[in-house]
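Trainee: Dumping the structure here so I can ask a few things about it.
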Amino acid sequence: FEKTELQAQSIIQSIKRNILFTNCNADQLQEIVEIFEPISFEQGQTIIQRGDQGRYFYVVESGTLDLFLFSNERQEEFKVAPAYTEGDCFGELALMYNQPRAATIKARTNSCLWQLEGSAYRALKRRFNMETAGQSLQLLSNVAVGSTKLNDVLSSSELHQMASAFEVVEFKYGDVIVRQGESGDDFYIIQQGEVFVHKVEEENDKSLNQGLGPKVGVLTNGNYFGERALLSEETRAATCVANSERVTCLSLDREDFILILGTLEEKQKTAQQEQKTPDENQNGDHHIIDISMESHNSETFNLNDYTVGQTLGCGAFGTVKLVTRKGDKSQCFAMKSQSLALIVENSMQQHIVSERRVLKKMNHPFILKLHASFKDNRYIYFIMELLNGGELFTHLKRHRKFTEAQAKFFSASVVLAFEEMHGHNIIFRDLKPENIVLDSQGYPKLVDFGLAKIMENPKTFTICGTPDYLAPEIILNEGHDKAVDYWAIGVLTYELVYGDPPFLADDPMAIYENIITGRLSMFSTPGVTPSRPLTSVLKKLMKHNKNKRLGYIKGGVTSIIKHKWFNGFDWESLRQRTLAPPICPEVSGPDDVSNFTKCIDDHRNAPVCLEWDPDWD
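For the sequence shown, the working numbering gives the first residue as 60, with consecutive numbering after it.
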């Protein structure tokens with residue numbers, strides 16, 4: 060959409076103040092501005108209506124607009140100050156996902172706005188990230204340190220991890236990037252621009268080029284320098300100077316390289332061993348647990364043999380109910396029934412299929428077990444093990460907050476569950492106390508795998524999860540992987556100890572701003588005095604740079620297990636379920652569901668739906 064230079068710059072200045080555009084470079088901002096379209100509203104017109112699906116993000120070019128919130132107490136809308144005027148932005152949640160608007164915005168005067176469609180923005184961000192990753196990988200494919208090509212010693216996933224760890228640095232004409240004789244930690248690949256290489260080899264050379272010595276080479280796009288910094292902290296052999304108005308480089312220092320991947324010497328030795336498959340966990344050993352559990356494929360389930368009892372939980376598409384075998388109260392299960400019509404109406408078919416695929420793969424003491432699945436013309440049914448110890452969320456609210464020892468038990472259980480999932484190339488993406496349920500003995504299990512994903516590519520771009528638990532890379536639509544689960548462990552651990560999540564705010568956008576800016580209430584909660592090891596593990600799990608995040612760095616899950624906060628913790632006893640749980644639920648028998656809050660079944664009479672016939676492989 061055509062814009063004057065002044066209009067384009069005005070939009071750029073406005074959106075640069077919004078956190079969702081934090082990581083966009085100048086070229087990307089220019090491309091985003093190009094897809095803003097103009098729209099005008101007359102005085103009194105409604106731009107956004109509370110309850111409508113959010114589709115656009117807006118920048119005000121001229122005019123004044125009023126914001127109206129709804130009062131539940133008065134059952135009416137009321138105007139909130141200040142008004143939106145020139146340069147202001149609103150509606151940014153539409154850039155992340157489609158959800159009902161929380162407020163109404165009306166034009167107080169005739170107004171001219173620029174609007175950006177959320178789906179167009181997300182597609183553009185995805186393209187930016189894929190292009191950047193592809194370019195970084197292409198540049199890395201040519202890099203050799205001495206006689207060792209990185210391609211030969213790093214696996215595909217390690218190359219992707221290294222590529223995503225690069226920082227973009229810019230230099231202007233005449234800047235000295237590295238200086239001969241100085242110690243160096245940083246390795247550079249030129250993304251754009253020209254760099255002159257100077258070298259002093261004789262005393263007379265110092266009189267040339269202001270002491271830099273004679274020019275001995277020219278480096279351009281795709282060339283690299285300082286690669287020996289990945290091996291050791293040795294002095295620079297030459298001086299490199301920016302010779303373009305702007306030189307853009309990808310940079311990585313040795314400390315980060317070692318933190319993420321280990322030393323290059325280790326990689327050279329490992330390269331001699333048998334190559335790992337791309338699906339294997341490259342960050343650490345995957346602990347396979349031998350437990351005697353039947354495969355769900357071996358079980359048959361006839362609903363006519365069971366009595367359907369109390370509703371245990373209600374969701375957007377259905378309910379979870381107790382089912383008990385007739386004549387044998389010891390055989391109890393949880394039956395999740397979901398309306399086919401609602402699934403189709405909300406285009407959630409793939410999510411349901413994915414959830415079933417994930418549960419079929421899982422066989423772990425801290426992950427919910429799926430026994431059977433079937434359907435009729437109204438519902439899809441999942442028959443799952445009954446966990447009647449109640450949600451961890453319920454117990455947390457009852458206690459208000461947990462001791463560090465209690466929190467450690469639950470966080471460690473999640474670590475082991477994620478170890479299993481990530482070993483199958485599955486990410487969870489929906490960790491929160493509500494999705495951890497205790498069994499009758501008090502052992503926790505992950506439930507609700509509706510957002511879990513089997514990773515078939517290095518990154519996925521779907522924005523999903525609970526606002527308080529979203530990792531920065533999800534909010535910024537940079538593409539994400541299993542690193543988001545380690546971030547979530549940090550948020551969970553914090554919430555268990557402090558009683559509230561760390562980035563708490565009144566609305567989702569304020570939460571996201573707290574997450575992106577790192578504004579958390581660490582140490583400020585009355586009655587909580589965190590130990591130094593706890594503070595350390597929280598900071599390392601909630602690292603903004605995912606490549607430096609505990610669990611994602613070299614060693615994988617082992618880096619969490621060996622953290623000093625877990626010193627003395629009996630991981631093996633936890634794996635074997637012989638470590639005593641800190642909470643013992645009151646359960647009188649296998650059919651006792653008193654730890655669940657009764658809820659009303661709103662999906663009792665789902666309509667017949669013949670539009671979708673899921674192919675259960």
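In this text, a Cβ means the ideal position worked out from N, Cα and C, and glycines have one as well.
No experiment lies behind these values; they were computed from the predicted model shown.
Please classify L455: does DSSP put it in a helix, a strand, or coil?
Mentor: Looking at L455 - three-state DSSP - the assignment turns out to be helix.
Trainee: Using the Cβ count rule (16 or more neighbours within 10 Å means buried), how would you classify P666?
Mentor: By the 10 Å Cβ count, P666 comes out exposed.
Trainee: Could you name the residues of the same chain whose beta carbon sits closer than 7 Å to that of A564, not counting the 5 residues immediately before and after it, in chain order?
Mentor: Same-chain partners within the cutoff: I570, N573.
Trainee: Taking its Cβ as the centre, do 16 or more other Cβ atoms sit within 10 Å of N302, making it buried, or is it exposed?
Mentor: Label assigned to N302: buried.
Trainee: Taking all protein chains shown into account, decide if I612 is buried (16 or more other Cβ within 10 angstroms of its Cβ) or exposed.
Mentor: Buried: at least 16 other Cβ atoms inside 10 Å.
Trainee: Over the uninterrupted alpha helix (DSSP H) stretch that includes L199, give me the two end residues.
Mentor: Unbroken alpha helix (DSSP H) run through L199: 177–199.
Trainee: Using a Cβ distance threshold of 8 Å, determine whether the region 489–502 contacts the region 399–407, with at least three qualifying pairs required.
Mentor: The region 489–502 is not in contact with the region 399–407.
Trainee: Under 9 Å, do K621 and D315 count as touching if we go by C-beta distance?
Mentor: Their beta carbons are not under 9 Å apart, which means K621 does not touch D315 by this criterion.
Trainee: Given this structure, state the Cα-to-Cα distance separating E670 from E253, to the nearest angstrom.
Mentor: So the alpha carbons of these two residues sit roughly 59 Å apart.
Trainee: Judging by CA-CA distance, which residue of N131, S647, F628, P97 is the nearest neighbour of A639?
Mentor: Ranking N131, S647, F628, P97 by Cα distance to A639 puts F628 first.
Trainee: How big is the Cα-Cα spacing for H458 and L128?
Mentor: Approximately 34 Å between the Cα atoms of the pair.
Trainee: Taking 8 Å as the threshold, find out whether the region 287–301 comes into contact with the region 226–246 through three or more Cβ pairs.
Mentor: Flag = yes, the region 287–301 and the region 226–246 touch.
Trainee: Could you please give the first and the last residue of the uninterrupted beta strand (DSSP E) stretch that includes T366?
Mentor: First-last of the beta strand (DSSP E) with T366: 365–373.
Trainee: List the residues that DSSP assigns as beta-bridge partners of P97.
Mentor: Its beta-bridge partners are W173.
Trainee: Looking only at C-alpha atoms, which of S396, M421, I411, L445 sits nearest to Q390?
Mentor: When only C-alpha atoms are compared, the closest one is L445.
Trainee: Examine the Cβ distances between the region 550–563 and the region 586–603 and report whether three or more of them are shorter than 8 Å.
Mentor: Enough Cβ pairs lie closer than 8 Å, so yes.
Trainee: What is the DSSP secondary structure of A296, counted as helix, strand or coil?
Mentor: Of the three classes helix, strand and coil, the one that applies to A296 here is coil, per DSSP.
Trainee: Tell me the rounded alpha-carbon separation between K657 and T378.
Mentor: Each residue's Cα considered, the two are about 11 Å apart.
Trainee: Please state the DSSP three-state secondary structure of S595.
Mentor: S595 falls in the helix class under three-state DSSP.
Trainee: Looking at P159 and G193, is the spacing between their C-beta atoms short of 9 Å?
Mentor: Not in contact: G193 and P159 (Cβ atoms no closer than 9 Å).
Trainee: To which residues does DSSP link I439 through a beta bridge?
Mentor: Partner(s): Q397, K434.
Trainee: Which two residues bound the contiguous beta strand (DSSP E) that contains H257?
Mentor: Element bounds for H257: 254–257.
Trainee: Tell me which residue opens and which closes the alpha helix (DSSP H) that Q72 is part of.
Mentor: Here the alpha helix (DSSP H) through Q72 covers 64–74.
Trainee: What residue from G177, V139, N157 has the CA that sits closest to Y117's CA?
Mentor: When only C-alpha atoms are compared, the closest one is G177.
Trainee: Taking Cβ positions, are F187 and V237 nearer each other than 9 Å?
Mentor: Their beta carbons are not under 9 Å apart, which means F187 does not touch V237 by this criterion.
Trainee: Quick one: is R634 buried, meaning 16 or more other Cβ sit within 10 Å of its Cβ, or exposed?
Mentor: It is buried - the Cβ of R634 has at least 16 other Cβ atoms within 10 Å.
Trainee: Quick check on the DSSP output: the alpha helix (DSSP H) that includes A542 runs from which residue to which?
Mentor: Per DSSP, A542 belongs to the alpha helix (DSSP H) from 542–557.
Trainee: Okay, do the region 643–652 and the region 520–530 touch, 3+ Cβ pairs below 8 Å being the bar?
Mentor: Taking 8 Å as the limit for Cβ pairs, the verdict is that the region 520–530 does not touch the region 643–652.
Trainee: Check whether the Cβ atoms of Q500 and P673 lie closer than 9 Å to each other.
Mentor: In this structure, P673 does not lie closer than 9 Å to Q500 by Cβ.
Trainee: Please determine if the region 205–225 and the region 169–185 are in contact, where contact requires at least 3 C-beta pairs separated by less than 8 Å.
Mentor: With a cut-off of 8 Å, the region 169–185 and the region 205–225 do not count as touching, because too few Cβ pairs lie within range.
Trainee: Note down the Cα distance separating E260 from F477, rounded to an integer number of angstroms.
Mentor: Each residue's Cα considered, the two are about 55 Å apart.
Trainee: If contact is defined by three or more beta carbon pairs under 8 Å, each pair taking one atom from either stretch, is the region 304–318 in contact with the region 227–234?
Mentor: The region 227–234 is in contact with the region 304–318.
Trainee: Using 8 Å as the cut-off, can you tell me whether the region 463–479 makes contact with the region 424–440, which would need three or more C-beta pairs spanning the two stretches below that distance?
Mentor: Because the criterion of three Cβ pairs below 8 Å is met, the region 463–479 and the region 424–440 touch.
Trainee: With H, G and I counted as helix, E and B as strand and the rest as coil, what does DSSP make of E339?
Mentor: Bear in mind that the predicted position of E339 carries a pLDDT of just 41, short of 50, making it too unreliable to give a figure here.
Trainee: Going by DSSP in three states, R313 sits in which element: helix, strand or coil?
Mentor: It is helical.
Trainee: Helix, strand or coil: how does DSSP classify G270 here?
Mentor: In the structure shown, G270 sits in a helix (DSSP, three-state: H, G or I).
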